[in-house]
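Asks: I'd like to ask some things about the structure below.
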Amino acid sequence: MLLLGAISCNQTNQKSNHIDENKHTTSAKVIEVMTEQKQRELTPEEVLTDLLQGNERFVSDRQINRNLPKQISSTTKKQYPKAVVLACIDSRVPVEYIFDQGIGDIFVVRVAGNIEDKALLGSMEYGLGIAGSKLLMVLGHENCGAVKSAIKKLDVGSDNVSVLLNQAEPAILEIDGERDDKNKEYFDAVVKNNVYQTIEDIRNRSSIINNLEDKGEIKIVGAFYSLTDGKVTIIRNDTHEHDDD
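Note that this note's numbering has the sequence shown beginning at 486, numbered continuously upward.
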């Protein structure tokens, strides 16, 4: 009995220490939301770090315990999101969940294949240039159905969908190898290159976003979400002059 008691006590202490070191695991519900001051003081790098740390919590099932009703009432009149995430519509990529973000924390723009158009550019310009977000992330993901359809040149019977899928064609043509979605290495490479292409298109088609990046007021990054393990990794292409090392 004494041994069991000692083990139990030790486990309790370890758990307590873990809670002290990682506030997100505490049972006390978080009610704070993004404020104008918090948004203003954050740097683009700090926002990126925050999202990646949130993903680590998501993967390890240590999400912040939030008081969502309180956050709803706190954001009724104002919002100060720290990031804009352009993601695919895929139901397996719940953006706020995978980054463990609360209400009012991020703008999420979604479209099949995470490909921009004028309306989406307007949304991103609003989030970054007017609402003050510090980070733009273009998020691709493993086994993307839109990219797969583009690789296979599927006739989906919809002119609107065809226009969307055709925008991924340049990213496909740049990747060497057999055009086959069953080749995972090739498929993943196309998805990532599609992210790069989208980022370059955003820079070329939006002087507002490009100027914000040039002035260092925002950061633009590409990322890849794994459906296998839930991890988000930052992806880079050294041939793109704006990318970091």
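Ideal Cβ positions, reconstructed from N, Cα and C, are used throughout, including at glycine. The structure displayed is predicted, hence computed values, not measured ones.
Is residue 710 near residue 624, with beta carbons less than 8 Å apart?
Replies: In contact: residue 710 and residue 624 (Cβ atoms closer than 8 Å).
Asks: In whole angstroms, give me the CA-to-CA distance for residue 584 and residue 700.
Replies: One C-alpha to the other measures close to 27 Å.
Asks: When we look at the beta-carbon of residue 639 and count the other beta-carbons within 10 Å, is it buried (16 or more) or exposed?
Replies: Exposed is the call here.
Asks: Cα separation between residue 617 and residue 536?
Replies: Roughly 17 Å between the two C-alpha positions.
Asks: Are residue 594 and residue 569 closer than 8 Å when you measure CB to CB?
Replies: Contact flag set, yes.
Asks: Can you tell me which of 684, 545, 635 puts its alpha carbon nearest to the alpha carbon of residue 666?
Replies: Among 684, 545, 635, the Cα nearest to that of residue 666 is on 635.
Asks: Enumerate in chain order the residues of its own chain whose CB-to-CB distance from residue 713 is below 8 Å, with the five nearest sequence positions on each side excluded.
Replies: Hits under 8 Å: 627.
Asks: Taking contact to mean at least 3 C-beta pairs separated by less than 8 Å, is the stretch 595-607 in contact with the stretch 552-565?
Replies: No, the stretch 595-607 does not touch the stretch 552-565.
Asks: Which of the three DSSP states is assigned to residue 690 in this structure?
Replies: Helix, per DSSP.
Asks: For residue 545, which residues from the same chain have a beta carbon less than 7 Å from its beta carbon, with the 5 sequence-adjacent residues on both sides left out?
Replies: Result list for residue 545: empty, nothing under 7 Å.
Asks: Going by C-alpha to C-alpha distance, which of 589, 672, 613, 720 sits closest to residue 698?
Replies: Nearest option by C-alpha distance: 613.
Asks: Under the three-state reduction of DSSP, which class applies to residue 622: helix, strand or coil?
Replies: Strand.
Asks: Beta-carbon within less than 6 Å of residue 533's beta-carbon, same chain only, minus the 5 sequence neighbours each way: which residues are those?
Replies: So the qualifying residues of the chain are 620.
Asks: Would you mind giving the Cβ-Cβ distance between residue 693 and residue 675, rounded to the nearest angstrom? I have them listed as a contact below 8 Å.
Replies: That belief does not hold up - the Cβ atoms of residue 693 and residue 675 are roughly 29 Å apart, past 8 Å.
Asks: According to DSSP, residue 704 sits in a beta bridge with which residue or residues?
Replies: DSSP, once it has assigned bridges, lists 620 as partnering residue 704.
Asks: Would you call residue 562 buried or exposed, if buried means 16 or more other Cβ atoms sit within 10 Å of its Cβ?
Replies: Counting Cβ neighbours within 10 Å, residue 562 comes out exposed, since fewer than 16 surround it.
Asks: Taking the beta strand (DSSP E) that residue 592 belongs to, which residues open and close that run?
Replies: It spans 591-595 - the beta strand (DSSP E) in which residue 592 sits, taken as one unbroken run.
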